[in-house]
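These notes are about the structure you will find just below.
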Amino acid sequence: ITMTIRVLTNKEGPQISKHIYGQFAEHLGRCIYEGVWVGEDSDIPNNKGIRLDVVEALKQINVPVIRWPGGCFADEYHWKDGIGPKEDRKTIVNTHWGGVTENNHFGTHEYFHLLELVGADAYVNGNVGSGTVQEMQEWVEYITFEGESPMANWRKENGSEKAWEMKFFGVGNESWGCGGNMRPEYYADLYRRYRTYVRNYTDKPVYKIACGPNVDDYNWMEQVMKIAAPYMDGISLHHYSLVDGWTNKRPATNFPEKEWFSLIDSAKKMDELITKHSTIMDKYDPDKRVGLIVDEWGSWFSVENGTNPGFLYQQNTIRDAMVASLTLNIFHRHANRVKMANIAQMVNVLQAMLLTEGDKMIKTPTYHVFDLYKHHQDAELIDTYGEAKTNTDFTVSKKDGQVAVSVVNYNIDGTEEMEFDLSDFDISDSEAWIVAGDKMDAHNTFENSEVVAKTEFKDFSVENNKLTVTLPAMSVATILLKG
Ligand code: AHR
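Have a look at this one:
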C-alpha cells in the first residue's frame, strides 16, 4: 500500500536552524590530534597544521558550527596552556580519554583557524568544573575583545591582531557528572555566577548555554530552568543511541537483526526527550526564547578491536545513517525549540563523519546523510498531513523556492512506495540522491571507501505536482523539487 502525504507548501513552519547540523570535536582519542591537527611539519597536506582533506570534506557538507574543546575534557582544560609558541606550551594529561599526554599544540588560535578554513561558527565550551571565573572571563576577553586590554594585547602578540567572533559559549559540560558531579540547584547558582562574566565585548552578544540534563533527568531540567532561565539563551541535552544500555556496549558491525532495531529505537527516544524537556521549559519560558541545544548525540558502540578503549573509535554503517536521518527529522519537527545540535563526534570518535588512518581519510554513511540533508539548513519546515508507514519516515522543507523531501526506509527488506501530494507547488524540475546499504552493516573501509556513497537517485516520478518515490530498504534519499 502506498502512503500518501499531503504537503502544505503554503503553510511554512519554523525555520530549521542550520546549527542543527553542528559537529562536536573534543580532545578525545584521534579526533583533534590526527583527525584534524597533524602539525605544520606533517607530510599530510595541511594548512598551518590542519589537514586539508578533512577541511575539504567538512566544507562540502556545510558544517555550520563546531563545538570544542569538550565534552568532559572541557572541564579540565586550561586555555592559557594552549597559546603562545608551541615549543613553550605545557603538556596536559587527558585523564578522561586514555590517559594520554597531549602537547597542547591545538589551542585557541588553531581552533579559530579551523573554523575559518571550514567556514563554521564557534561554540566554545568553558571550564566550570576545575576552572575559575577569572579564567573563563579572560578567555572570553582574549577571544572577542578588539580594543586595548591585557588579554587582547596578548592575543595580538600571539599573532591574531583581530578578535574572533564567538557565537556560542557553553558554561560547563555534564556538570551532573564528569564536569563536577553537582546537584542541579548548585550548578544553577554557579551558572548564574559564571555566565555573568561571559561579557559581550562586541555588539553581537554571545549566546550563552547552560548545562542541561543527562537523557531523561527531568528534575535537572526543572531545577536549572527554575533558578536560571532568565540568564540563559540555551540549555543543553545529551542523549546517545545504545543497542543495549551503557553496561553492555555492542559492536558497530557484524550484529544481529534485533540490534538493528534496538539501536534505532534508542535513537527515536530523542523525540520523547525533547517533547518532555520542552514541556518543562515551557513553564519557565513560555515564549520559547531559550533554545534546547542537543550538543551531544549519536550512536555509541564498543570500540574497534585492538584500539584504545579510551579513544571511542568505532566503525560507522548504514545503520548509523538511519540513526542520523531519523534524529535530524526529529530535530526538524522540534525546530521551534531545538536551535542547535552537535553530533558526537566529527572525526574518528563515536558516530563520526570522517575516519582517518595516516594520510588516508574516508567518509562514513553518516557523512553522506549530512550531505543529503544540507538542503534543509535554514529552510522553512513544511507542514504535512498523513502518517509515515511503519519503519519509514520523512521530512519536508522549503528554501529559495525549492522543496526538499527527505525519505528513509529502515526496513531490512522490501522497497516502500511513498507519495507526496504538493498540489500548491508547481514542480518544474527535480534532482535526487540516495545513500543505501546492501546489508545491515554496510560500511566503508580504507581499502574500499565507496561501499556506501551518495549516488544519483532515479526511482521517483513527478506527475501533476505529485511525487512518487520507490525507496529500497536500508536507504535514505533526498529529492529536490524546483518550482
Ligand atoms: O562524547 C564523549 C563524551 O560523552 C563527552 O566527553 C561527554 O560530555 C559525554 O559523556
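Residues in the sequence shown are numbered consecutively from 36, following UniProt numbering.
Note that beta-carbon positions come from the ideal geometry of N, C-alpha and C, so glycine has one too.
Query	Result
Uninterrupted beta strand (DSSP E) stretches inside the segment 346–433 (no shorter than 3 residues)	373–379, 389–392, 395–398, 415–420
Residues of its chain near F147, where Cβ-Cβ distance is below 8 Å and the 5 sequence neighbours each way are ignored	A157, I178, S195, W199
Classification of D300 by the beta-carbon crowding that lies within 10 angstroms, buried from 16 upward	exposed
Start and end residues, beta strand (DSSP E) containing S496	495–498
Nearest-angstrom Cβ-Cβ length linking V487 and V504, presumed shorter than 8 Å	Actually they do not touch by this definition, with Cβ atoms about 20 Å apart.
Extent of the continuous alpha helix (DSSP H) to which A198 belongs	That residue, A198, is in no alpha helix (DSSP H); it is neither H nor E in DSSP.
Which of helix, strand or coil DSSP assigns to D306	helix
Through-space distance from R324 to E183, alpha-carbon basis	34 Å
Terminal residues of the beta strand (DSSP E) in which P185 lies	Where P185 is concerned, there is no enclosing beta strand (DSSP E), although the alpha helix (DSSP H) it sits in stretches over 185–192.
C-beta atoms of A423 and M357 nearer than 9 Å	no
Any non-hydrogen atom of the ligand AHR within 8 Å of F296 CB	no
Cβ pair A379, F108 closer than 9 Å	no
Nearest-angstrom Cβ-Cβ length linking V206 and G161, presumed shorter than 8 Å	6 Å
Check: K311 C-beta below 8 Å from any heavy atom of the ligand NAP	Summarising the ligand content, the structure contains the ligand AHR and does not contain the ligand NAP.
Between the CA atoms of G333 and E294 - distance to the nearest angstrom	15 Å
Short Cβ contact (9 Å threshold) for L347 with V384	yes
Minimum length 4: unbroken alpha helix (DSSP H) runs contained in the segment 147–190	168–179
Sequence-distant residues of the same chain with beta carbon closer than 8 Å to E75, five excluded per side	N81, K83, G84
Strand pairing of E137, partner residues [DSSP]	I127
Residues of its chain near A439, where Cβ-Cβ distance is below 8 Å and the 5 sequence neighbours each way are ignored	H410, H411, A414, V431, S432, K433, T513, I514, L515, L516
Residue from D456, M453, F405, M509 with nearest C-alpha to P99	F405
W255 - containing alpha helix (DSSP H), residue span	253–263
Range of the contiguous beta strand (DSSP E) that encloses A245	242–245
C-beta contact flag for I353 and K191 at 9 Å	no
Nearest candidate by alpha-carbon position, reference Q437, set M381, A223, L416, S271	L416
Which residues DSSP lists as bridging F204, in chain order	V159, K243
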